[in-house]
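So the number in the numbering used here is just where the residue sits in the sequence shown, counting from 1, plus 312.
All C-beta atoms in this analysis are idealised placements derived from N, C-alpha and C, irrespective of residue type, glycine included.
The structure appears below as structure tokens.
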Amino acid sequence: MQILAFDYVNDRPGRPIGLARAASAIAHLRAGADATLLFDAGDFMQGNALGDLGFAEAAQSRRLHPMVGAMNVAGYDAVTLGNHDLDHGLGALWGALAGARFATVSANLRPLGDGPWPCRPWTILTREIGGRALRIGVTGALPPRTMRWNHHHLAERVEIGAIRPALSDAAARMRAAGADLVVALCHAGVGGAEDDTDERIAAAIARIAGIDAVFAGHTHEARALSGGAGAPIVQAGALGSHLGLIDLRLAPSGSAGWRVTGAEARTIDLGAKIGARAPDGGGQGGGDTAPSRPQGMPGARIRALISGAHARARLAGAAELGRVEGRIHSHLAALGPPPTVRLIAALQAEAVAAALAGGPHAGLPILSAAAPLRAGDARGAGPVTDIAPGPLLRRHLDDICPHADTIAARLIDGAGLMAWLAHAAGVFAAPSPDERAAPEAPPLLREDRALHGFDTILGLEYRIALDPEPHVLALRHHGRPVAPGDRFVLAASSYRLHGGGGYPTPARGAIVFQGTTTLRSTLERHLAERGRLALPAGEAPCWRLEGRAGSARSLIVPASARALLPEGTRPVAGKGTIRLTVSF
């Protein structure tokens with residue numbers, strides 16, 4: 313959900329990305345092909361204040377959701393749904409899609425009852441090349457775990473089946489219905505174990521008989537695969553950062569059909585392709601066209617279409633909800649839990665304790681797992697939370713809680729906690745065999761794991777040892793070693809407790825609480841009741857890193873973290889980042 317190059321959390325122009333920029337590049341590319349189709353692989357309606365406003369206005373006043381309007385202008389042909397598109401519930405989703413001039417397809421999302429169901433398992437689109445009809449079948453799928461992540465919205469209303477059999481069946485049905493080509497829009501990434509619950513199953517989809525092209529998503533990577541086993545695959549990053557293209561070369565087949573004679577998949581970095589440009593006036597953020605291009609281009613039309621919604625989203629974000637005491641930030645999250653993690657964990661634990669009071673699980677210790685949801689990556693890139701003491705605005709809540717996750721809790725034992733923390737520790741890089749000879753310290757973090765997936769469990773104390781592989785040591789609760797059979801209640805987001813981010817779901821860990829309000833709403837209610845937000849008192853022991861004596865690692869963080877470094881620290885400056893050396 314990124315239309316404009318605008319950062320709603322910080323209320324300022326953002327990176328030169330978004331659909332408004334992409335739309336004009338799409339128009340230029342379409343002009344050079346015999347026939348084109350434009351797709352989205354899911355998670356296109358949710359992700360910032362403008363998306364949330366669109367859902368609310370579609371429900372209250374039947375206004376067109378700004379992303380749907382923008383996609384109509386850009387000329388989308390079909391989309392599939394991602395897990396986050398369901399974060400506001402089915403009713404809100406169908407209302408927001410009411411004005412769409414493109415098809416919505418999903419082969420593995422099925423209703424359990426009667427009633428309107430605007431999502432088709434597949435559709436067939438038609439183009440004409442040289443007077444000869446080309447029939448393109450399009451289907452899609454989303455992760456089955458979405459059923460767990462959005463259980464409070466979806467239970468007893470829909471079922472989400474396994475991806476492979478659903479797409480295989482849809483491909484066969486489209487071929488039987490006369491499709492010359494079959495395209496799969498797969499809201500999953502590439503490179504996983506490829507079982508039917510995997511969130512990186514796209515390569516297995518590309519090997520299904522009858523599928524000619526796969527558009528992947530979900531994991532926010534930009535990559536293209538062609539020439540290997542199966543159909544070509546492209547994944548277009550996130551937030552309108554890239555375009556993903558699959559070029560198919562066709563030849564007539566028989567009296568009326570077509571066959572594929574060659575294929576190439578590639579991505580286009582929109583920042584590199586179009587080039588950064590100063591934002592337009594009116595505070596809307598970066599434009600989609602170079603200054604010499606006509607204002608009738610799709611990007612300019614999109615900006616004009618959503619200008620009112622953009623202004624309303626900014627106004628709503630400026631509402632003051634209370635005061636904050638202390639600096640709330642997610643800096644240096646790889647070295648210890650930052651204030652955002654402690655704050656989220658404390659809110660979760662408080663909500664779960666209140667919900668379980670007087671019940672059969674009231675006597676169990678409550679732990680709380682939380683991650684730095686906006687903390688950058690191993691390259692020091694990406695958004696980071698940094699809120700100064702003073703007024704706390706509504707847009708700050710989107711910074712602290714960027715997703716519409718609800719609070720939940722489940723039973724877990726000591727062995728389950730160790731498995732949980734072992735997965736979390738996987739964000740750290742294993743030592744390099746030749747690190748002693750390297751000119752600089754090897755990286756502390758893996759490039760293929762983001763810090764927003766790095767959980768801390770508050771209420772425990774432990775060490776994360778980096779050698780010989782990252783692992784957890786000396787797990788304690790209130791100073792006492794945790795045994796494998798010890799029982800606890802673990803509070804976290806519903807997304808995380810149901811396996812989101814690859815976290816293990818304990819075999820005997822029953823869900824004991826499932827909230828229906830989001831963490832963001834809980835935080836807003838907290839402010840309404842108390843008028844202020846104070847960080848959890850004290851710095852309770854939690855975890856610390858442990859490396860081989862005399863070793864060192866390098867950590868790249870945003871330059872804005874400099875103010876938090878100990879006096880005398882001398883980081884190496886980069887472009888918007890600083891490099892720290894962490895010595896053991």
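Helix, strand or coil at residue 320 according to DSSP, with G and I counted as helix: Taking the sequence shown and counting its residues from 1, the one referred to as residue 320 is at position 8. The answer is coil: DSSP assigns residue 320 none of H, G, I, E or B.
Counted within 10 angstroms of its Cβ, other Cβ atoms place residue 429 as buried (16 or more) or exposed: What you label residue 429 is simply residue 117 of the sequence shown in a count that begins at 1. Exposed, because fewer than 16 other Cβ atoms sit within 10 Å of the Cβ of residue 429.
Rounded straight-line distance, which links the Cα of residue 348 to that of residue 388: The count along the sequence shown starts at 1 and reaches residue 388 at position 76. The count along the sequence shown starts at 1 and reaches residue 348 at position 36. If you take the alpha carbons of residue 388 and residue 348, they lie about 10 Å apart.
Simplified DSSP assignment, three categories, for residue 358: Along the sequence shown, read from residue 1 onward, the residue named residue 358 stands at position 46. Reduced to three states, the DSSP call for residue 358 is coil.
Bridge partner(s) assigned by DSSP for residue 373: Your numbering for residue 373 matches position 61 in the sequence shown. Residue 373 pairs with nothing; no bridge assigned.
Under the three-state DSSP convention, the category residue 794 falls into: Against the sequence shown, residue 794 aligns to sequence position 482. Residue state, collapsed to three classes: coil.
Paired residues, beta bridge with residue 805 - DSSP: What you label residue 805 is simply residue 493 of the sequence shown in a count that begins at 1. Beta-bridge pairing links residue 805 to 719.
Those runs of the beta strand (DSSP E) which lie wholly inside the stretch 655-716 and span at least 3 residues: 678-682 and 702-705
Collapsed DSSP secondary structure at residue 604 in the structure displayed: Numbered from its first residue, the sequence shown carries residue 604 at position 292. Unreliable positioning characterises residue 604 in this predicted model, as indicated by a pLDDT of 34, which lies under 50. The coordinate reading is nonetheless provided below. Here residue 604 sits in coil by DSSP.
The stretch 790-809 touching the stretch 872-886, judged by at least three CB pairs closer than 8 Å: no
When 636, 669 and 556 are compared against residue 701, the one with the closest alpha-carbon: If you number the sequence shown from 1, residue 701 lands on position 389. Residue 701 has its Cα closest to that of 636, out of 636, 669 and 556.
Limits of the beta strand (DSSP E) - the one that residue 828 falls within: Here residue 828 refers to the residue found at position 516 of the sequence shown. Segment 823-830, the beta strand (DSSP E) holding residue 828.
Through-space distance from residue 847 to residue 763, alpha-carbon basis: Walking along the sequence shown from the start, residue 763 turns up at place 451. Walking along the sequence shown from the start, residue 847 turns up at place 535. Looking at the two C-alpha atoms, the distance is approximately 21 Å.
Residue 441: first and last residue of the uninterrupted alpha helix (DSSP H) it sits in: Counting from 1 along the sequence shown, the entry for residue 441 is found at position 129. No alpha helix (DSSP H) holds residue 441; the beta strand (DSSP E) holding it covers 434-441.
Counted within 10 angstroms of its Cβ, other Cβ atoms place residue 728 as buried (16 or more) or exposed: Residue mapping note: residue 728 aligns to position 416 of the sequence shown, counting from 1. Counting Cβ neighbours within 10 Å, residue 728 comes out buried, since at least 16 surround it.
Buried or exposed (CB count within 10 angstroms, at least 16 for buried), residue 346: Numbered from 1 along the sequence shown, position 34 holds the residue referred to as residue 346. It is exposed - the Cβ of residue 346 has fewer than 16 other Cβ atoms within 10 Å.
Member of 894, 333, 540 and 510 whose CA lies at the smallest distance from the CA of residue 609: Taking the first residue of the sequence shown as position 1, residue 609 is located at position 297. The shortest C-alpha separation from residue 609 is found at 333.
Cβ-based burial, residue 771 [other Cβ within 10 Å; buried from 16]: Start at 1 with the first residue of the sequence shown, and residue 771 comes out as number 459. The residue is buried, with at least 16 neighbouring Cβ atoms inside 10 Å.
C-alpha distance - residue 366 paired with residue 314, whole-angstrom precision: Taking the first residue of the sequence shown as position 1, residue 366 is located at position 54. Taking the first residue of the sequence shown as position 1, residue 314 is located at position 2. The alpha-carbon atoms of residue 366 and residue 314 are separated by roughly 12 Å.
Residue of 412, 709, 864 and 669 minimising C-alpha distance to residue 744: Within the sequence shown, residue 744 is the residue found at index 432, counting from 1. Closest option to residue 744, Cα to Cα, is 864.
For residue 567, three-class secondary structure by DSSP: As a working note, residue 567 is residue 255 in the sequence shown. Three-state DSSP puts residue 567 in coil, outside helix and strand.
6 Å CB neighbourhood of residue 404 in its chain, flanking five on each side removed: Walking along the sequence shown from the start, residue 404 turns up at place 92. Result list for residue 404: 367 and 371, in chain order.
Rounded separation between residue 501 and residue 535 - CA only: What you label residue 501 is simply residue 189 of the sequence shown in a count that begins at 1. What you label residue 535 is simply residue 223 of the sequence shown in a count that begins at 1. Going by the C-alpha atoms only, they are around 10 Å apart.
N-terminal and C-terminal residue of the alpha helix (DSSP H) that residue 458 is part of: For the purposes of this step, residue 458 is taken as the residue at position 146 of the sequence shown. Residues 458-461.
7 Å CB neighbourhood of residue 548 in its chain, flanking five on each side removed: Position 236 of the sequence shown, counting from 1, holds the residue named residue 548. Here the set comprises 534, 554, 555, 556 and 579.
Backbone secondary structure at residue 464 - three-state DSSP: Within the sequence shown, residue 464 is the residue found at index 152, counting from 1. It is helical.
Cα-Cα separation between residue 486 and residue 480, rounded to whole angstroms: Translated into positions along the sequence shown, residue 486 becomes position 174. Translated into positions along the sequence shown, residue 480 becomes position 168. Spanning the two alpha carbons is a distance of roughly 10 Å.
Cβ neighbours of residue 516 in the same chain (closer than 7 Å, five flanking residues each side left out): Within the sequence shown, residue 516 is the residue found at index 204, counting from 1. The residues are 476 and 506.
Per DSSP, cross-strand counterpart(s) of residue 498: Taking the first residue of the sequence shown as 1, we reach residue 498 at position 186. Partner(s): 453 and 528.
Buried or exposed (CB count within 10 angstroms, at least 16 for buried), residue 627: Taking the first residue of the sequence shown as 1, we reach residue 627 at position 315. Residue 627 should be labelled exposed.
Endpoints, the alpha helix (DSSP H) within which residue 614 is located: Residue 614 sits at position 302 when you count from the first residue of the sequence shown. 610-617 is the span of the alpha helix (DSSP H), which, as asked, contains residue 614.
Beta-carbon contacts of residue 888 that lie in its chain and below 7 Å, excluding the five residues immediately before and after: Counting from 1 along the sequence shown, the entry for residue 888 is found at position 576. Only 870 and 871 meet the Cβ criterion.
Other residues of its chain near residue 775: CB distance less than 8 Å, five sequence neighbours each side excluded: Translated into positions along the sequence shown, residue 775 becomes position 463. Excluding positions up to five away in sequence, the list reads 784, 785, 786, 855, 856, 857 and 858.
Exposure of residue 766, with buried meaning 16 or more beta-carbon neighbours within 10 Å: By 1-based counting over the sequence shown, the position of residue 766 is 454. That one is buried.
Residue 893, DSSP secondary structure in three states: As a working mapping, residue 893 is identified with position 581 in the sequence shown. Strand, per DSSP.
Residue 450 versus residue 718: straight-line alpha-carbon distance, rounded: Stepping through the sequence shown from its first residue, residue 450 is reached at position 138. Stepping through the sequence shown from its first residue, residue 718 is reached at position 406. One C-alpha to the other measures close to 33 Å.
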